[in-house]
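There are 2 protein chains.
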Amino acid sequence: MRARNLAVVLGAIHRSGPHTRAALAEMTGLTKTTVSSLVSDLIEAGAVAESGAVRGGERGRPGVAVSLSGDRVATLGLEINIDYLAACVVDLTRAVRLRRTRPADNRNSDPVDILGSLRDLVKETTAEAELAGLRIIGAALAVPGTVEGEVLRNAPHLGWRDVRVPDLVDLPFAIDNEANLAALGELWFGSRETDFLYVSGEIGIGAGLVVDGTLFRGTFGLAGELGHVVVVPDGPACRCGGRGCLEVYAGQDALLGALPSVSELVTRLESGEQRALEACGRAGHALGVALTSAVHLLDPGRIVLGGIYAPLFPWLEGPVAEGLGTRLGHMRGTPPALVVSGTGADAAVLGAAGLIIQQVIAEPAQMLGL
Amino acid sequence: MRARNLAVVLGAIHRSGPHTRAALAEMTGLTKTTVSSLVSDLIEAGAVAESGAVRGGERGRPGVAVSLSGDRVATLGLEINIDYLAACVVDLTRAVRLRRTRPADNRNSDPVDILGSLRDLVKETTAEAELAGLRIIGAALAVPGTVEGEVLRNAPHLGWRDVRVPDLVDLPFAIDNEANLAALGELWFGSRETDFLYVSGEIGIGAGLVVDGTLFRGTFGLAGELGHVVVVPDGPACRCGGRGCLEVYAGQDALLGALPSVSELVTRLESGEQRALEACGRAGHALGVALTSAVHLLDPGRIVLGGIYAPLFPWLEGPVAEGLGTRLGHMRGTPPALVVSGTGADAAVLGAAGLIIQQVIAEPAQMLGL
Chain A
8 MRARNLAVVL GAIHRSGPHT RAALAEMTGL TKTTVSSLVS DLIEAGAVAE SGAVRGGERG
68 RPGVAVSLSG DRVATLGLEI NIDYLAACVV DLTRAVRLRR TRPADNRNSD PVDILGSLRD
128 LVKETTAEAE LAGLRIIGAA LAVPGTVEGE VLRNAPHLGW RDVRVPDLVD LPFAIDNEAN
188 LAALGELWFG SRETDFLYVS GEIGIGAGLV VDGTLFRGTF GLAGELGHVV VVPDGPACRC
248 GGRGCLEVYA GQDALLGALP SVSELVTRLE SGEQRALEAC GRAGHALGVA LTSAVHLLDP
308 GRIVLGGIYA PLFPWLEGPV AEGLGTRLGH MRGTPPALVV SGTGADAAVL GAAGLIIQQV
368 IAEPAQMLGL
Chain B
8 MRARNLAVVL GAIHRSGPHT RAALAEMTGL TKTTVSSLVS DLIEAGAVAE SGAVRGGERG
68 RPGVAVSLSG DRVATLGLEI NIDYLAACVV DLTRAVRLRR TRPADNRNSD PVDILGSLRD
128 LVKETTAEAE LAGLRIIGAA LAVPGTVEGE VLRNAPHLGW RDVRVPDLVD LPFAIDNEAN
188 LAALGELWFG SRETDFLYVS GEIGIGAGLV VDGTLFRGTF GLAGELGHVV VVPDGPACRC
248 GGRGCLEVYA GQDALLGALP SVSELVTRLE SGEQRALEAC GRAGHALGVA LTSAVHLLDP
308 GRIVLGGIYA PLFPWLEGPV AEGLGTRLGH MRGTPPALVV SGTGADAAVL GAAGLIIQQV
368 IAEPAQMLGL
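Each protein sequence line maps, in turn, to chains A and B.
Residue 282 in this note's numbering sits at position 275 of the first sequence, with consecutive numbering throughout.
Residue 12 in this note's numbering sits at position 5 of the second sequence, with consecutive numbering throughout.
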C-alpha cells in the first residue's frame, strides 16, 4: 500500500509538479500526514526536492513546493550500433548529463568482445556520473535486432543470433530493440508529440509506433520491422532471407554505395552529384511505397524520419511525401505529416535511459529501495 | 460510486461467474450488504439471475449463485455489406438469438435508400426480439469503409463518401468499420483466441488486429487497411487511387472474375477448373506478400482468414503459407499460424452486437438505466 502511494505521489509530481504537500494531498485523496511522510522518503532518496515557495491551497497561503530532483537519481542508456557503442546518463528530470560514443566496426562481430567493450564503457560512464554526484539506479540497452526477454534473437547486421545478453550492471537492467527505444527517445527527448511512427534509418531500418504516448509492441514485441516490408515482391534478396525488402533499397548500405560515411553523402548531395541524388531518389521512392503500407496498417499520427534519414531529410522529403500523397489515394483525408527527428543519432540511447526513468516513476519503492 | 460498483460486480460475474453474493463480496472488497443491494438491482434489470446453489464461502456452506442472464437484455448487430444487409440479436450471455440477412446490391447506392431498408430491418428484428421477451438496449452498425465518429468517411465499393449515419435506434448506437467488428466477432464468438490478425476477405479486404483481447485501432481508428497494402508498386490502378494494392489481386472481384458467386467459384475449384485455380493461386500469392509486410509491422499472434477467404481456405492456405514461410525469412522463429475463421460471413454483424454487450458490462448503470 505504501509502495502504491509512493507511486501515486511521485506520479503526480512528475505529471504536473511542482506541488505543495497540501496540493498533493488534495490531488491524490491521501491525508496530509501520509503525503508528508511519503515526500520525506522521496526527498531522502533524492527523487524529489523542495523547490521554493508557490502560491497555493484554498486560502491562498504560500507553501513550499516539491518537484522532481535532477541532483541524485540517474539512469544509464546503452546502445550497440553497427558502427559504434554509446552510453548516456539521464537524471530523473530527463536532463541529459553525459554522452559517450565509441566508434567501432561491429559487423559480424563476436558478442563476447563487444559486450566486454560495452562493460568498460559502463564502468567509465558510471564512475563519471558518480563524480557528478549522481547515483545510477538502472540501465537499458538498445540493440539492432529482435529481442525476446533477455535474448537478442536476431541481429542480422551484427551477425548475432540467440545471444543471451548478461546483466551489464548489478542493477535493474533491460534490453530492447533499437527502433522501439528510439521511438521512446523521440517521445521523451524530442518533439514530445504523443502520436507518431518513428522511422529509424540505420544500416538496418526499423520503426516504432507511438499512439497516445504509448509504444505499440505487437504480440511478441516484434512489431515495427519496417525494413522488411516488401517493396518489390521479386526484388533482390535481402539479408533477412526475404526478397525486395525496404532495407535493400533504403538501408545505409544502399544509400552510401562506395561512400565511406553519411556526411560524405551529404557533402555530395549538397554539391548536386548525380549518383548521390539518384541513390536518395531511389531510397525515397522505396520509403514512399513501404510507408504507404505502414500508414494503411498502423494509422500513425505523423511520420518522423530519424537516424541517418535526419541529415538526409532535405533530399528524402520530396520523394517520400510524393509517394505517400499519390499512393495513399482517397482512403484518408490527407497523408500524415512527414517531419524530421529532433533527437538525431542519440534517439535510441536516450530512449534506453528514459525507459528506466519511466520505471522509477511507475515503481519508485522498488527502484529506489524505499 | 454506485455506478462504479455495479460495473465491478457485473464485471466479476461476467469474467468468472457464477458466484455467490458472499464470494462476490470477497472478490470485490465490497460489503455483503452492498453486494446484495447491487445484485438486486442487476436482477431487477434482467442482467443477472440466480442460477442455483453452489458450494462456496470459507465455511463450505452452499449458497445461491448469480450469473449473467440471457433472458432479457439483448443488443442488436447490424451490417451494410456490398451484397446484403444483415441484423442479429445477441443476449447478454453472448448467445445468438436471431439472424436476418437481406440480399441487396448496394454498389454505388443511395445512402438514403439503403439506410431506409436498414431501418425497416431494425424494426422487424426488434419486434421479433420483443416477442421472445428480449429488450434491445443498444445497437451497432458495421460498414465496409473508414469511420470517424458517426461519419462514414469513405466506402469505395458502396460509392459513399462523408455520409453522416443517423442513429438507427433511439438507444445507444455505434458505427464501426466492418473488419474491426469482424475481428471482435472472431474474438467473442469464434475461436476465443486473444491474439490474432483477422483478415476479412470481401469485395474489399480489411483486417483487425487483436492483441491480448484488445482491438488495435491506430491513431485515428483507421488501422488495418490490409486491402491497400502495396503488393506491386507499379501495378494496376486500385479503386482507392493507389496502384498495385492487395485488393486488386485478392478482392472478391479479382477472385470471381465473371463468376456470379463465391459458391460457384468453390464448385469450380472442387472440380479442378484451371482458371479458378489460377485466380486462387494469384490471390494467395498476393496475400502472402501483403501479409508478410503486415506480420513485420503488426506482429500478430496468428492469422485468421475470414469472410470469403473462409470457404476458399483449402485453396488459399498453401500459397499464403508458402509466401509467409519463404518471405518472412529468419527474422522470427516460425511464421504465425494460418487458420480459418469459425464465424464465417457473420463475424462483423456478431461483433457489432458484441460491442454493445461489452459496453453493458463496462457501464451497466448507464446502459441499463440503473
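Heads up, the beta-carbon is just placed ideally off N, CA and C, and yes, glycines get one too.
Exercise for the section: May I ask you to report which of helix, strand or coil DSSP gives Tyr91(A)? Expected result: Taking the first residue of the first sequence as position 1, residue 91(A) is located at position 84. Three-state result, Tyr91(A): strand.
Handout entry: the region 336–357 of chain A: positions lying closer than 7 Å to chain B by Cβ
Key = Gly336, His337, Met338, Arg339
Handout entry: Per-residue DSSP class, three states only, for Phe227(B)
Key = Start at 1 with the first residue of the second sequence, and residue 227(B) comes out as number 220. Residue state, collapsed to three classes: coil.
Practice task
Consider the Cβ of Ser268(B): report whether some Cβ of chain A lies at a distance smaller than 7 Å.
Solution key: Taking the first residue of the second sequence as 1, we reach residue 268(B) at position 261. Not closer than 7 Å to any Cβ of chain A, the Cβ of Ser268(B) fails to qualify, so no.
Practice task
Mind listing the chain C neighbours of Pro240(A)? Cutoff is C-beta to C-beta under 7 Å, in chain order.
Solution key: Protein chains in the displayed structure are A and B, and chain C is not among them.
Practice task
Could you tell me whether the Cβ of Leu304(A) comes closer than 7 Å to any Cβ of chain B?
Solution key: One-based indexing of the first sequence puts residue 304(A) at position 297. So, interface residue.
Practice task
Use the C-beta contact count for Met8(B): other C-beta atoms within 10 angstroms, 16 or more gives buried, fewer gives exposed.
Solution key: Mapped onto the second sequence, residue 8(B) falls at position 1. Under this definition Met8(B) is an exposed residue.
Practice task
Just the chain A side, please: which residues come within less than 9 Å of Pro243(B) by C-beta, in chain order?
Solution key: Start at 1 with the first residue of the second sequence, and residue 243(B) comes out as number 236. By Cβ distance, chain A contributes nothing, its closest Cβ being about 13 Å from Pro243(B), past 9 Å.
Practice task
Name the one or two DSSP bridge partners that Ala72(A) has.
Solution key: On the first sequence, position 65 is the one that residue 72(A) refers to. Partner(s): Thr27(A).
Exercise for the section: Determine, using beta carbons only, whether Cys287(B) comes closer than 7 Å to chain A. Expected result: What you label residue 287(B) is simply residue 280 of the second sequence in a count that begins at 1. Cys287(B) does not count as touching chain A.
Exercise for the section: For Gly213(B), count neighbouring Cβ atoms within 10 angstroms of its own Cβ and tell me buried if that reaches 16, exposed if not. Expected result: One-based indexing of the second sequence puts residue 213(B) at position 206. Classification of Gly213(B): buried, given that the 10 Å Cβ count is 16 or more.
Problem - Option nearest Leu233(B) by Cα separation, candidates Glu185(A), Gly145(A), Leu305(A) - result: As a working mapping, residue 233(B) is identified with position 226 in the second sequence. Checking every option, the nearest Cα to that of Leu233(B) belongs to Leu305(A).
Handout entry: Min CB distance Glu232(A) to chain B below 7 Å
Key = If you number the first sequence from 1, residue 232(A) lands on position 225. Interface residue, yes.
Handout entry: Buried versus exposed, by CB contacts within 10 Å (16 or more), Pro110(A)
Key = As a position in the first sequence, residue 110(A) is number 103, starting the count at 1. Label assigned to Pro110(A): exposed.
Problem - C-alpha distance - Asp120(B) paired with Ala355(B), whole-angstrom precision - result: On the second sequence, position 113 is the one that residue 120(B) refers to. On the second sequence, position 348 is the one that residue 355(B) refers to. Roughly 22 Å separates the two Cα atoms.
Exercise for the section: Tell me the start and end of each unbroken beta strand (DSSP E) in the region 149–193 of chain B that is at least 3 residues and wholly inside, in chain order. Expected result: 153–155, 158–162, 167–171, 180–184
Problem - Listed by chain order, chain A residues near Ser300(B) by CB distance under 7 Å - result: Sequence index remark: in the second sequence, residue 300(B) carries index 293 (1-based). By Cβ distance, chain A contributes Val236, Val237, Ser300.
Problem - Collapsed DSSP secondary structure at Ser58(B) in the structure displayed - result: For the purposes of this step, residue 58(B) is taken as residue 51 along the second sequence, with counting starting at 1. In this structure, Ser58(B) counts as strand in the three-state DSSP scheme.
Practice task
Can you tell me which of Thr35(B), Val172(B), Ser23(B), Tyr316(B) puts its alpha carbon nearest to the alpha carbon of Val15(B)?
Solution key: Here residue 15(B) refers to the residue found at position 8 when the second sequence is read from its first residue. Comparing Cα-Cα distances from Val15(B) to each of Thr35(B), Val172(B), Ser23(B), Tyr316(B), the minimum goes to Thr35(B).
Handout entry: Alpha-carbon spacing of Glu209(B) relative to Tyr316(B), whole angstroms
Key = Taking the second sequence and counting its residues from 1, the one referred to as residue 209(B) is at position 202. Taking the second sequence and counting its residues from 1, the one referred to as residue 316(B) is at position 309. C-alpha separation (whole angstroms): 8 Å.
Exercise for the section: Quick one: list the residues of chain A neighbouring Leu229(B), beta-carbon separation under 9 Å, in chain order. Expected result: The residue given as residue 229(B) occupies position 222 in the second sequence. Per Cβ cutoff of 9 Å: Val302, His303, Asp306, Met338, Arg339.
Problem - Residue of Thr100(B), Ala352(B), Ser47(B), Ala265(B) minimising C-alpha distance to Val90(B) - result: Along the second sequence, read from residue 1 onward, the residue named residue 90(B) stands at position 83. Rather than Val, the amino acid found at residue 90(B) in this sequence is Asp. Closest option to Asp90(B), Cα to Cα, is Ala352(B).
Exercise for the section: Under 8 Å between beta-carbons, which chain B residues line up against Val218(A)? List them in chain order, please. Expected result: As a first step, residue 218(A) is located in the first sequence; it is residue number 211 there, counting from the start. Here the neighbours are Gly225, Thr226.
Exercise for the section: Determine, using beta carbons only, whether Gly258(B) and Gly249(A) come nearer to each other than 7 Å. Expected result: Within the second sequence, numbered from 1, the residue matching residue 258(B) stands at position 251. Within the first sequence, numbered from 1, the residue matching residue 249(A) stands at position 242. Inclusion of Gly258(B) and Gly249(A) in the CB contact set at 7 Å is not warranted, their separation being larger than that value.
Exercise for the section: Residues of the region 182–204 of chain B with a CB closer than 8 Å to any CB of chain A: list them in chain order, please. Expected result: Within the region 182–204 of chain B, contact with chain A at the beta-carbon level (separation under 8 Å) is assigned to Asp202.
Practice task
Return the residue from the list Asp98(A), Pro243(A), Leu85(A), Arg282(A) that minimises the CA-CA distance to Gly77(A).
Solution key: Position 70 of the first sequence holds residue 77(A). Minimum Cα distance to Gly77(A) is reached at Asp98(A).
Practice task
Would you mind stating whether Ile310(B) and Leu262(B) have Cβ atoms separated by less than 7 Å?
Solution key: Here residue 310(B) corresponds to residue number 303 of the second sequence, with the count starting at 1. Here residue 262(B) corresponds to residue number 255 of the second sequence, with the count starting at 1. Annotated as distal: Ile310(B) and Leu262(B), with beta-carbon spacing of 7 Å or more.
Practice task
Return the chain-ordered ranges of every alpha helix (DSSP H) run that is complete within the region 304–358 of chain A and spans a minimum of 4 residues.
Solution key: Counting whole runs of 4 or more residues, the region 304–358 of chain A contains the alpha helix (DSSP H) stretches 320–334.
Problem - Cβ-based burial, Ala72(A) [other Cβ within 10 Å; buried from 16] - result: Locating residue 72(A) in the first sequence gives position 65, counting from the first residue. Label assigned to Ala72(A): buried.
Practice task
Assess, as a yes-or-no matter, whether the region 126–140 of chain A is touched by the region 81–89 of chain A under the definition of 3 or more beta carbon pairs within less than 8 Å.
Solution key: yes
Practice task
For Gly376(A), count neighbouring C-beta atoms within 10 Å of its own C-beta (all shown protein chains included) and say buried if the count is 16 or more, exposed if not.
Solution key: Within the first sequence, residue 376(A) is the residue found at index 369, counting from 1. Classification of Gly376(A): exposed, given that the 10 Å Cβ count is below 16.
Practice task
Please confirm if Cys95(B) has its CB atom under 7 Å from at least one CB of chain A.
Solution key: In the second sequence, the residue the question calls residue 95(B) occupies position 88. Cβ-Cβ to chain A under 7 Å: no for Cys95(B).
Handout entry: DSSP state of Asp219(A) mapped onto helix, strand, coil
Key = What you label residue 219(A) is simply residue 212 of the first sequence in a count that begins at 1. Looking at Asp219(A) - three-state DSSP - the assignment turns out to be coil, as it is neither helix nor strand.
Problem - Any chain A beta carbon closer than 7 Å to Arg334(B) - result: Looking up residue 334(B) in the second sequence gives position 327. At least one chain A Cβ lies under 7 Å of Arg334(B).
Exercise for the section: Spell out a yes or no on whether the region 167–178 of chain B and the region 189–204 of chain B are touching, meaning 3 or more CB-CB pairs, one atom from each, closer than 8 Å. Expected result: no
Practice task
For chain B, find out if any of its Cβ atoms is closer than 7 Å to the Cβ of Gly248(A); answer yes or no.
Solution key: For the purposes of this step, residue 248(A) is identified with residue 241 of the first sequence, where counting begins at 1. Proximity of Gly248(A) to chain B, defined by a Cβ-Cβ separation below 7 Å, is satisfied.
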